[in-house]
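*Asks:*
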Amino acid sequence: MVFWISAILIGIGVYGLLTQKNLFKQLISLSIIDTAVNIFIIAVGYVDNGKAPIYSKAVPKFMEGAFVDPLPQALVLTAIVIGVGVLALGASLLVKVKEKHSSIDVENMKGVGE
Amino acid sequence: MRRFYAILIAAALVYMLISFISTVPSYGKADLKERVSDAFLSKSVNAQNTKAWMEGKAIHRQPAKEIYGKKVKEEGSANVVTSIVVNYRSFDTLGEVTVLFTAALGVGLILGGSRRKQYGREANFVLKTSTGILVPLIIMFGAYIFVHGHLTPGGGFPGGTIIAMASLLLYLSDEKFFLSKASTGALEGSMGGTYVIIGLLGLAIGGYFLYNFLPNGVVGNLVSAGIVPLVYVAIGLKVGAELSGLVTDLHSEKEG
Amino acid sequence: MMVLLIVLPLIFAFLAAIKKSFSYPLLVTSTVVNVIIVLLLKTSVPSVHVLGGWKPPFGINLVLDDASYYAVLIANIVFFLVALFKETVGKYSTVLMVMLAAVNGFVLTGDLFNSFVFLEILTATGVILASKRENYYNAFKYLVLGSLAGSMYLLATIFTYTQVGSLNMAHASYFAISEKAIVVITILYLVGLGVEAKLFPLNGWVSGVYGGNDLSPLVMATAVSFAALYMMGRLFLTVFGGYALHILYVLALITIVAGELAALYQKNLLKTLAYSSIAQAGIVLAAISKSTEKMVSLAYFHLTNDVIAKFVLFLVATFLVYNYKNLNGVFKKHKVLGTAFTISSMSLIGFPLFAGFQSKLRMLMEMFKTSDYLFPAVLLFATVIELTYLVRWNVKLWFEDIEDESEVKGPALRATISIILAILLVGIFLAPNIILNPTTKVAKALLDSTSYINNVIASSMGGM
Amino acid sequence: MFTLLVALLIFSVVNYFISKASWRVGSIINALIGSYLIFQVFTIPKGTEVTIGKFLGETLALQWTNAGFYFSFVSLLVIVAVMFFAIKWLDSQKHPAAFNMFILMVTAGSLGVFMAKDLITLYIFWEIAVLSSMLIIPMGKKESRKAAVVYAVMSAVGTYMFLYGAFMIYSRYGTFSMPEIAKNLANDPSTSFKVAVVLLIAAAGIAKSGIFPLHTWLRIAHGNAPDAFSAVLSGQLVKLGSYVLMISVAVFPSLKIFANLKLYSGVPAPNYFLIALGAASIIIGTLMAIKQDDMKMLIAYSSVANGGYILVGIGTMDPLGFEGGVLHVFNHALAAAVIFMAFASVVYRTHTKKISELGGLIHKMPITYIAYLFAIISLAGIPPMSGFISKWMIYQALVRKGMFITAAIAFFGSIGSFLYVFRPLAGVFLGQLPRKYKDVKEVPPIMWIPMLVLVAISFVMGVWPFPILQPIENMRADFGIAPSFKIADAQNWLVRGFSGSWNPVIVFNLFITGFIVAYILYTLFPKPKKVDLLKPHKEEGAPINIYTSGEFIYTPELYHYNTKFYAGFERMYEKHPSWEKLLYMLAKFFHDVGEWIHGWFFRPSPSAYTFWLAMTILIIFWVRW
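Residue numbers (my numbering), protein chains in the order written: chain A, 117 to 230; chain B, 4 to 259; chain C, 81 to 544; chain D, 57 to 681.
Below you can see the structure in the form of structure tokens.
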């Protein structure tokens, strides 16, 4: 089910990228796709009844099936940060696009035609 | 019409992805024995025989063992995700730090502001006062998060982000507030450098870049897991400085 | 040792963040040091560096074999050459250092997720470089496409993980992935990497990024392009040996034709060259997709020639475009630059006396030997079109009557480097083996996944 | 031989720097080197083979054959003449140093082509010749820039078809060496392969020698190249094409290769096809030449027609036809070179190449006039010049083979050539001298001597053709085309054909007699008087009301009788379809496709990129399942 959600989220992101004329909305669509992929990654590592992979007094022992897969979580951590970086870059570019082309709407931008 | 086609395409993509998903083990049925994760969880990477493991003949099954509160020779952080992020796959994290570094750098270069942007609206009294109270607490909380990264959920990235929240709060509450680029840059650079230097020390001492050359201690203790807390502190400060710098860039404009 | 290639530029970049005014000297230092390290590394091919001492497939490992060594060599030399141009580099020296680290990491890494991380750094730095000279919208377009591709790449990596159980390339190569899963994985990788490798409908960003300013084409069209195409070979030949190659072949052929035709239409010098670089990437990809040792070797031989020629072309073209309003007859004022430009473009077309001839003819011959008649026909057709626009530009730049009377002082460094590289192109024609020997090794290394796997496994047994 | 070529190539670069210091020294050195080369080609023993080296495991080699000798000799004659001509002519040019360098490269490239033993060597030197000539062409006037591009593209189309053919051969027989290929082709059972390969190889020749579908570059390239270089282009570079055509039908013995094919008029279908192309070129070249007002373009079209003659002659693979075709190479080379040099001299002095702007230069430039006169006599194929012999041989062969339509076309072309060569003669040299050229002088001796030397050679070979026929006979023997009788019979002073024989010396004497009689008559009749062309305008003001032969005369130039010289004749085909336009349409088509691709895939917004990315995944996904 979670897989389906992530697939549908990717679809939504793609839909957004395809239809939105506002560049910032496109950036957000991109972010949705990122999130969808992250959800997928986390979902891939889920084990039924598994706990968060942290040893503590409550779960001091390594046992088969006791924990969910920690590796996807580590990957997602990285992926999220990368997403943040890209988002920040994109946003700052859009600030400048707005300055230069007077709009961030694809149809109203001035001086982008070749 | 455009939307209709877009829906069609998106639907086709979703259909395709769902058909892809059939190749993945169904939700909740992931078998960690077939993955490297079991070795991470049981902290027994060094005990594995690579060739046999890859061939799949080996005992993928790891024996159950007590870990919390014990001295584990291989790895010492209670949080396994942290042990992966900062130890087993620390190089990824170096890359990750670099991405963030690049983003901050890029935002600085693109926006190129050098003085505080004035919005012309005064923050209200509640915000101002509470900022004064909250900022030290937030910073402390952030520091707590990344110092305990190897024990509890969290770590350098969340901790750093929380610290950056503090500076964001300061920006929101005060039109005059401006962090100098030089200071955030210096912290950022020196902390990034620290991370790399820790790695290089590992290379010098153990022969491998990012080698854990400090004793692991007892799993669950604050002082344990070798270089992990050090790296996480560096990352935390670096991310904090970076994101603060990013916030600074977004709130600044060009001279004149 | 090889990890220094990635780490040193990185630490220099961090240092540059502390003191901005040191960034350019640091860039020069790091590129020089890197080139020296690469040259020293020659003796330790093949070797594997296990990061943190965590043996593969559990930890991350860097693999230096003949293939990655060659790619690293080219990339570092390119960065060294770019670093010499202080004015062009401008404020972007820190970015270049990060990018250098990323290129090296992308090429050397033996881990799929790690390669994703470096790919993202490449995209991010590429976007920053592209935004130079207020080229923001094109940079944004690249960012969107690049991070979409990144998502695909990441998805593919995760699918691989669920199948293989690790992220290690050697393990993925070793593991018999089920037929159904490998289709999924290769499609996603093809799309994800296709954006950087300039595969046809995914290469819309190229003209905007290469044609937008004077710095990004110099590194993107050469070092980054080389790294991406290297990774294409690494993934599709070594790791997923043989899957999806026919799709790659078809797309590559379309890429060639589309790139050349778009270049024919272009009126802007930089964009023309950008499209030509798309077409060249198509040729390389088509050759890679044949997956025979000879063809792969020729693919990288051709790529090397293209990289050298493109470096010279962009070096000259960016100088011209950003110094003169009207380009008619500018080479009358800059004879040396003009000569280098002409030699490089002739090499690109494949005239005898220049390097491109060697690679193109050999490729044709090899294709005919394996009785593939389609690729040569496309290649020759593309060459005719390529010749049309390159000759048109050469004639325009050399012979048209000068309209822009202003005269910019002759750039001595640019002229020296471009003419040296141009002479190198002639040298490669005379002695193709100086490039062919290493590229043959590259092809061997890429196609021989067994020894790749064995290297990695051995590293986990006996250490470094 | 190889050292010679390499030395030439290296020295060409050296010469650039010498010429930078003093281009005159450079061009004198060039001329000396050229002269030395002429002697050199006689000293190399036939059959010498030199291995250049290995390429892809195949040996590249040069071989000195009879054909190579003949073509090299003809080429060098033209090139050396132009080199001497250039010593003075170059001072009207902007890039003398580059000219000196590239013309030496052209020489090296062409010699390499004629010496090549295998197709790859041929290709390499071919491209060197193309490349260097391509860089000379744009040194001319404004239009020449475009000309260079058109030239390069057309040439490339042919060349890459050639290359494709060469590799097809290689993939089948594993060799590039021409003698071996000839052997293998003769024994190959697959007809379609042979036809394809021969036509692909011939494509390079078709493009280069300006045969019908790819002839359009001649007009623009010859017409706009630097004037003296047009002589090399038309006289020499075009002959590279003829050489390749000869390879495709004679070196690869077409009669043997296509022995199992149906014969049309005694020649196999592929040859017949080539002959048809040649015939088409004759028609197009002649008709278009008649129309031209630009004298260089006029001769450019005549080169198309003459290329057609050569192809028709060689294509018949008949002893006489072959000899005629090959001899026509020599005749046309010399004639075209002299004509273009004469034009170059005219342009050198008057700075225009429009026939309608010139006139009456016979008084100012008599030597140039004489050179031009004799050259066009040879070009039109009138005895006693050597042009007659080759055309006669070709007619003989055509009639004998029963190709009456082709023969008729050839005759038509011959008559047409009278028309078009007369146009510049009348327009440039005869008639009234425009006032602005009243101070024009004859060109200096260093420019007219090369012209006269070439004319003299052509003349002598017309009277006594046996020295030049001998190497052709050797060539013919090499290719195994044996006649039933001796064609060139030096002992009896006879040139034989199927329908009879003739003695060139007697023919020459007859013509000289006729000329003397005509001259006597000319001196007896009263001399013509000169009228000032501009006089009526000066006296009467605007000459709008003047009306003559259906035209209003708005400007004095329209008085010139060369304006619309063949108007009546041209009207007959003025609405002809233009092949050149068709090719431009093709080019435009590719350009438009490029625009379309650009607009759809490369320019658009992030949405469109996403669209293509999604479509790619979906299409791959759909294709795979």
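For each residue, glycine too, the CB sits at the ideal point set by N, CA and C.
Taking 8 Å as the threshold (beta carbon to beta carbon), is MET544(C) in contact with chain B?
*Replies:* Residue placement at MET544(C) cannot be trusted, given a pLDDT of 37 that sits under 50; what the coordinates show is reported in the next sentence. Interface residue, yes.
*Asks:* So VAL554(C) contacts chain D; which residues on that side make the cut at Cβ distance below 8 Å?
*Replies:* Since the displayed chain C opens at 81 and closes at 544, residue 554(C) lies outside it and no answer follows.
*Asks:* Please name the residue in ASN548(D), TRP448(D), PRO440(D) whose C-alpha comes closest to that of GLY518(D).
*Replies:* PRO440(D)
*Asks:* Suppose you measure from the CA of PRO660(D) to the CA of ALA307(C); what does that come to, to the nearest Å?
*Replies:* PRO660(D) and ALA307(C): Cα-Cα distance of roughly 26 Å.
*Asks:* Where GLY188(B) and VAL150(B) are concerned, what is the direct C-alpha to C-alpha distance, given to the nearest angstrom?
*Replies:* 22 Å
*Asks:* Quick one: is PHE156(A) near chain C, going by C-beta distance under 8 Å?
*Replies:* yes
*Asks:* Please report whether the beta-carbon of SER1(B) lies at a distance below 8 Å from any beta-carbon of chain C.
*Replies:* Not covered by the structure: residue 1(B). The range shown for chain B is 4 to 259.
*Asks:* DSSP state of ILE184(D), grouped into three classes?
*Replies:* helix
*Asks:* Cβ closer than 7 Å: which chain G residues qualify as neighbours of VAL130(A)?
*Replies:* The chain labelled as chain G is not found among the protein chains of the depicted structure, namely A, B, C and D.
*Asks:* With distances taken Cα to Cα, identify the nearest neighbour of MET683(D) among PHE396(D), ILE303(D), GLY487(D).
*Replies:* Residue 683(D) lies beyond the stretch modelled for chain D, which goes from 57 to 681, so this question has no answer here.
*Asks:* Under DSSP, the beta strand (DSSP E) around GLY109(D) begins and ends at which residues?
*Replies:* Start and end: 105-111.
*Asks:* Sorted by chain position, which residues of the same chain lie with C-beta nearer than 6 Å to LEU249(B)'s C-beta, five sequence neighbours on each side aside?
*Replies:* Hits under 6 Å: ALA107, VAL110.
*Asks:* Tell me, please, which residues DSSP counts as bridged to ALA325(D).
*Replies:* The partner list for ALA325(D) (beta bridge, DSSP) is empty, contrary to what the question assumes.
*Asks:* In the structure shown, what three-state DSSP assignment does ASP95(B) receive?
*Replies:* Helix at ASP95(B).
*Asks:* May I have the straight-line CA-CA distance separating PHE159(C) from ILE116(C), to the nearest angstrom?
*Replies:* 13 Å
*Asks:* Give the interface partners of LEU210(A) over in chain D, defined as CB-CB distance under 9 Å, in chain order.
*Replies:* Result: empty, since nearest Cβ-Cβ is about 11 Å, beyond 9 Å.
*Asks:* Under 7 Å Cβ-Cβ, which residues of chain B neighbour GLU200(C)?
*Replies:* Within 7 Å of the CB of GLU200(C), the CB atoms of chain B belong to VAL102, in sequence order along the chain.
*Asks:* Three Cβ pairs or more, each shorter than 8 Å: is that satisfied between the region 298-306 of chain C and the region 318-334 of chain C?
*Replies:* no
*Asks:* Answer yes or no: do LEU350(C) and VAL387(C) have a C-beta to C-beta separation smaller than 8 Å?
*Replies:* no
*Asks:* Against TYR71(B), what residues of chain A qualify as contacts under a CB-to-CB distance less than 8 Å, listed in chain order?
*Replies:* TYR171, SER172, LYS173, VAL175, PRO176, LYS177
*Asks:* According to DSSP, simplified to helix, strand and coil, what is LYS420(D)?
*Replies:* coil
*Asks:* Are the Cβ atoms of GLY185(C) and ALA250(C) separated by less than 8 Å?
*Replies:* No, the pair does not count as a contact, with Cβ atoms beyond the cut-off.
*Asks:* List the DSSP bridge partners of TRP16(D).
*Replies:* Limits of chain D in this structure are 57 at one end and 681 at the other, which puts residue 16(D) out of reach.
*Asks:* Would you call the CB atoms of ASN280(D) and SER200(D) closer than 8 Å?
*Replies:* yes
*Asks:* Span of the beta strand (DSSP E) holding VAL130(C)?
*Replies:* 127-130
*Asks:* So within the region 132-184 of chain B, which uninterrupted beta strand (DSSP E) runs reach at least 3 residues, ignoring any that extend past its ends?
*Replies:* none
*Asks:* Against chain A, with Cβ distances strictly below 8 Å, would VAL87(C) count as a contact?
*Replies:* no
*Asks:* Work out the CA separation of PRO539(D) and GLY381(D) for me, nearest whole Å.
*Replies:* 15 Å
*Asks:* Spatial neighbours of TRP473(C) within its chain, please: CB distance less than 8 Å, with the 5 preceding and 5 following residues excluded, ordered by chain position.
*Replies:* Shown here for TRP473(C): same chain residues with a beta carbon closer than 8 Å to its own, the five before and five after excluded, namely LEU349, THR352, SER425 in chain order.
*Asks:* Output needed in chain order: residues of the region 504-533 of chain C with a Cβ under 9 Å from some Cβ in chain B.
*Replies:* ILE533
*Asks:* What does a CB cutoff of less than 6 Å around GLY322(D) pick up in its chain, not counting 5 residues either side in sequence?
*Replies:* LYS457
*Asks:* Taking the DSSP output, what are the residues bridged to PHE183(A)?
*Replies:* LYS167(A)
*Asks:* Quick check on the burial criterion: 16 or more other C-beta atoms within 10 angstroms. Buried or exposed for THR104(D)?
*Replies:* Its Cβ having fewer than 16 others within 10 Å, THR104(D) is exposed.
*Asks:* Which residue comes first and which comes last in the alpha helix (DSSP H) that contains THR384(C)?
*Replies:* 373-401
*Asks:* What residues match up with GLN119(D) in a beta bridge as DSSP calls it?
*Replies:* Answer is GLU105(D).
*Asks:* Cβ of PHE73(D) versus every heavy atom of the ligand FAD: is any distance shorter than 7 Å?
*Replies:* As for the ligand FAD, it is missing from this structure, which has no ligand bound.
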